[in-house]
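Working notes, beginning with the structure itself.
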Amino acid sequence: MDVRLPEPLSFDGNLAENFRRFKQSFEIYLIASGKSEKDDKMKIALLLNLMGEEGIEVYNTLKLTELQRANFQTVLNELENYMTPKKNVVYERFLFYSRKQEDEETFDHFYTELKKLSKNCEFEQSTDSMIRDRIVLGIKSRQVQEKLLNVDKLDLNKAIELCRACEIAKSQIKSVQGAEAKVEVVKNKAKTVQRHGNTEEKTLISCKSCGKKHEKRRCPAFGRKCNKCRRYGHFEKMCRSTMMVKELQESKEEEEDEELLVSVVTVSEVKSESEWIETLEFGKQNIRFKVDTGSQVNLIPQHILKSIKNQDIAWQKTKLVLETYGGFKITPIGVVKLKCKFRDKDYTIQFVVVKDKSMPILSLQSSMTMNILKKINEVNLGLDKNSFINNNKDLFIGIGKFKEQCKLKVKNNASPVAKPPRRVPLSIKDRLKKHLDALVNKGIIAKHQGPTEWLSNLVIIEKSDKTLRVCLDPKNLNEVLEREYFEIPTLEEICVKLKNKSYFTVLDFKDGFYQVELDLESSKLCAFGTPFGVYRFLRLPFGLNCAPEYFQKLNQEHFGDIPGVIVYFDDILIAADTSEEHDKILTRVLERAKKYNVKFNSSKIQYKVREVNYLGNIFDREGMRPDKNKIKAIQNLEQPNNKKELQKLLGMINYLRRYIPNLSEISAPLRILLKNNTDWIWTDNQTKCLQMLKNIVSSAPVLANFDVNKEITIQTDSSQSGVGCVLLQENRPVAFGSRALTDSETRFSQIEKEMNAILYSCQKYHSYIYGRKVKILTDHKPLVSIMKKGVADVSSPRLQRIKVKLLKYDIDVQYLPGKDMLIADLLSRNYIKDDIGSDNTFLTEIVHSVNVTDDKLKVFQSETSKDFELKLLKEICLKGWPKTITKTPSPIRKYYNYKTDIYTSNDIMFLGDRIIVPETLRTDMLTQLHANHYGITKTQKRAKSLLYWPGINEDIKEFIKKCKKCEVYQKSNIKEPMILRKIPDLPFQKLASDILEWGGQSYIVIIDYYSKWIELICLQSKTSKSVIDVFKQVFSTHGIPLEVVSDNMPFNSYECKKFAKEWGFKFLTSSPRYPKSNGLAERAVQIAKNMLRKCTDISNALLEYRMTPISASEKSPAELLFNRKLQTKLPIKTELLIPSKINYEKEKEKLEQKRQEYKSYYDRSVRERKEFEEGENVVVKEGRIWEPGKIIRKLEEPRSYIVQKENGNEIRRNSSHLRQSLNEGNFNQNHEFILNEGVDIPSNDIPSNDISISINRATDKSRRPVKLPQHFKDFHMY
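Each residue of the sequence shown is one higher than the one before, starting from 1 at the first, in UniProt numbering.
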């Protein structure tokens, strides 16, 4: 079988496309010829042969190894890579987004081209949705586009089906258009049909309806709607009308065969419910006429004319020729005048007689003559805005009031909050009373009589002209109000209603919420306190979070049913195709406003404009287009001057990288400049790259359309000279904004600049965010807490003014670190230089809500002006801070870290919302802060919200420590870290002992530190002699220990010390009232008491305890002490009673490990304290109070001290009972002898019968000598 060879590869034209076709043909050839199974060398040779000499040259330039050159598929792939240039996805997407359906292009061809273009765009899974969007935006027919926009949940298949169906329907209509016609405008001339012999030659006419040449009755514009005048039968480019109706032009006969021009005649067989029919009486005969305002001649068919009786009918011939836009010609028979009657009035009207059997038509002029139509001036509409306002003054004066009453609902579990009235400065008190009276007279507020559960703060604002305005600070009320959610129109819905409209008017409600009346219960919720009593709002007050939705609902109910009207919160937008239609709609709106007693704001009206800015888009007769102001901040970005500025720019671009394919490739020319070894040279390549990035960021898919159903986030930031912001939805930008700061704004402190940036962003995006929950991100953390406060709780007047302006918005300010504030930070530094905000007059207003007396204010102002540091600080704030702390004057370097938050107001210095206190007033402020004797932490927190000076926390700490009342009644000390006593190396080297009382008997308990062996022995008495006898008995069995740890009584007596010295061991005593220092003995006492409480046979109980393994080891006390088990009442194998060797070192390690676990658990909530020095002033805990004392000396035992009290007594105490005192005590040094606990006194040095003790009291009253009883001679008293 002969197989045709493929055509050689052409290197002319589109090489990539040529190679694609050549490759496909070559692969088909290999399969068809059976050579696909041949070896690779043969296939490569055949390929190169067909590619020709140029192909071989290309092959030779490929960088392939010998092994790769022998592989056919590798060679083919490398050739394809060479022939196919690298794709530029951005450019391919540009081609895709720019593709629109051309004139006369079929939909299927348009759809196929879109699919081809999309292959190179890397849309991946979103390919279908992107093609769908391009079909909707690029379809030629406006009617089809409108249908596509109205389809709910439109997908690609639905879009294709709808477009194909519309195209088929259009072609079918053309084939059946012979019988019916809409005659709109009659044209000039038509070509005649020429006959040559028996042959009829059809000539083409130059059609003035479509602008092309075609046969008669074959005009493509037939049935099509003009986008300019909105009538049917011609294309927009051929429209000769600038208004809906053209004037009738008189014909002039120049030659006998000339055709005359007649304008606007309507002949129609099409009937609809919207037709306007009127009946005229011709004698006794009634004839129905269609009223056509587009027709300027009256038309009557011949057959109807013949049916008219009792009239002399004589028509005159006419040379008028009526031609439709579709090329149809109607030659009238003539013109006739007829007498008729309409509504009991007689008229003589001229009619044009035609043969066409259609409904008679009554023209515009005749309809107006017979008062069927009446031309009116639409509700005194003026020619311009001022005339319109002057002619309708009643709608712009006063405060309106809807008939409906608003009912506020609070949550069921809401707890009422009543705020006490704030002090009002005397300078405005009289003016405030007059202003409140004026509001009462206007019906805005009313005086409330009786108790009220809810009472909000009142914010008073003094304007620059000394007038006042008041508003509610509803912070607490807003937290419990239930919001009535109402559907807000979306951008898509507004787009459909505003599509191709030509005239717009925007009306803004005057004092919006004040036009809504509250019911009685709701009015009580909006009560506020003043120096003149309690008032309550009768109208919906400014600042309630539920107000916008309710206002939207109310306005929608009253105006939303009017065609051509869009209600968006407190705005009414009127849109119409023509001026006349606009005036009619506006008339209905104004009539409704009068009916419902609604007032509009004359200063905010946009009257009869040809385009309107709504939701960040511009709407006019051409449709919708994005507002350039949304992207102006990006397009006006200046080129960076150094690497740091370039890094900020690329930081913003990288933030949006997920929406920018091939970003690394696009931004490569810019990133080259960031390399360390690259000099900063800005070339055209960088300029082009920057412009491309700006275009990408300010267009789809990076820039998103606003969606009312998605969450709103705003990033905002302020630099020293500019402010920037961006509105985001799902991290995609919707709009950008920036401007330069005014001269006065540059002198704001940084916190004021940052809050002013929040206000700027809210006002800029008002149409997006009003009535919605908005998250605002700022890199200035103090603003987060300030925004959570009420207006009255913000100390800075300027911040208060800004906060009042923000009350209308439902915003949640959150902190975002500056390193993550990439977009707003860049825009605030690279801002639009020629866009400078105006100095807001509200910044000169004074907010009166600071809770401070005039006298105290004057004291602060006076002392601040005298304070050297604060005067220098004020000067630095006004001039600007140095760039480094080393260049800052030494006295105020301690303020440098807070430089962005320091500002001046009313001649007082502030740090954030904290007053910086002059040095002379600090002691007074400390006294007031500590008036309630709170602790250090609470007082510091209290001061942190109000006052500041360097070292304030330390000053508070010292002040409270010196407070004698707090010193007496302070809490117990926090426990200190556990001190572990050393474990002995062998059993019975170290013992712990204590005495317990049980059942009227005294027992001595002795426990071994190593083995935990316990001895429980009943004492005859608690004298030193009885205790010594017991110890001798125990020592005779187990041997003499090295140390015995015990408390003081009687182990610290002279006899016990003498016994210890004679027997060669040492008593270690614990501090009085601190049993923790002898913890093992205390634990042994607990075990012993449990035995005494629960067991009848104590000896057997002791035996069982001694044979039970201890918790830290598997060995029992008996095994650790005797190296063997003991025989008990329980049966045991004889082998287990044989002594076994004990590894004492290993057992000691186990004991130490267990003790460290106890210590770790105990030390979780401890605090290390420094040791006391001799002579140091302290307070000693005695019962529940603390008394003054002084350290005499430190003892050998850990944390144990001898302390002298003010009465002269010396006592021993553990550090847990001592605390440092900054106050000097009044100690009595003259005392005869002090006998107290913890003092070693040999008994042979003390007379046994006449011990005299002088106890000095706080008073000097003499007392009789006190003798120590003989039976206490062995004890130390305390």
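All C-beta atoms in this analysis are idealised placements derived from N, C-alpha and C, irrespective of residue type, glycine included. Computed from a prediction, not measured in an experiment: that's the story for all the values here.
Counterpart residues of residue i in DSSP-defined beta bridges
i     : result
W998  : Q1001
I1191 : V1203
C340  : Y347
R625  : I618
H214  : I205
K447  : Y535
N286  : E281
C406  : L518
Y948  : I916
Buried versus exposed, by CB contacts within 10 Å (16 or more), residue i
i     : result
L1121 : buried
P984  : buried
Y760  : buried
T864  : buried
S1160 : exposed
S358  : buried
I1241 : In this predicted model, I1241 has a pLDDT of only 35, less than 50, meaning its place in the structure is not dependable enough to derive any value.
D108  : exposed
P451  : exposed
C877  : buried
D901  : buried
Cutoff 7 Å; reference residue i; Cβ partners in own chain excluding five residues on either side
i     : result
Y1162 : M978
G55   : L9 and L48
P6    : F22, S25, F26, Y29 and L50
L911  : Y898, D901, I902 and Y948
Three-state class that DSSP yields for residue i in the structure shown
i     : result
A1088 : helix
S1140 : coil
V1071 : Note that residue 1071 is Ser in the sequence shown, not Val. Coil at S1071, not helix or strand.
H930  : coil
D571  : strand
M1049 : coil
D1097 : coil
Q101  : coil
N1214 : strand
Y655  : helix
D133  : helix
D825  : helix
N597  : coil
V354  : strand
K899  : helix
P689  : Per the sequence shown, residue 689 should be read as Cys rather than Pro. Helix at C689.
T578  : coil
P669  : helix
G334  : strand
F486  : coil
L320  : strand
8 Å CB neighbourhood of residue i in its chain, flanking five on each side removed
i     : result
E1224 : N1177
P1041 : F988, Q989, K990, L991, F1035 and F1065
Beta-carbon proximity list for residue i, same chain, < 6 Å, skipping 5 on both sides
i            : result
Q101         : F110, G138, I139 and K140
L15          : M83
residue 1344 : It is not possible to answer for residue 1344, since the shown part of the chain is limited to 1 through 1278.
Proximity test, residue i beta-carbon vs the ligand MG heavy atom, cut-off 7 Å
i    : result
L807 : Because no ligand of any kind appears in the structure shown, any question about the ligand MG cannot be addressed here.
Just list the beta strand (DSSP E) runs in the region 502 to 562, keeping only unbroken ones of 3 residues or longer that don't cross its boundaries, in chain order. Here the runs fully enclosed are 503 to 508, 527 to 530 and 533 to 537.
What beta strand (DSSP E) runs, 3 residues minimum, are completely inside the region 981 to 1044? 990 to 998, 1001 to 1008 and 1014 to 1019
What runs of the alpha helix (DSSP H), each 4 residues or longer, lie entirely inside the region 693 to 768? 750 to 764
Suppose only complete runs of 3+ residues qualify. What are the beta strand (DSSP E) ranges in the region 1148 to 1192, listed by chain order? Counting only unbroken stretches of 3 or more residues, the beta strand (DSSP E) elements lying wholly within the region 1148 to 1192 are 1177 to 1182, in sequence order.
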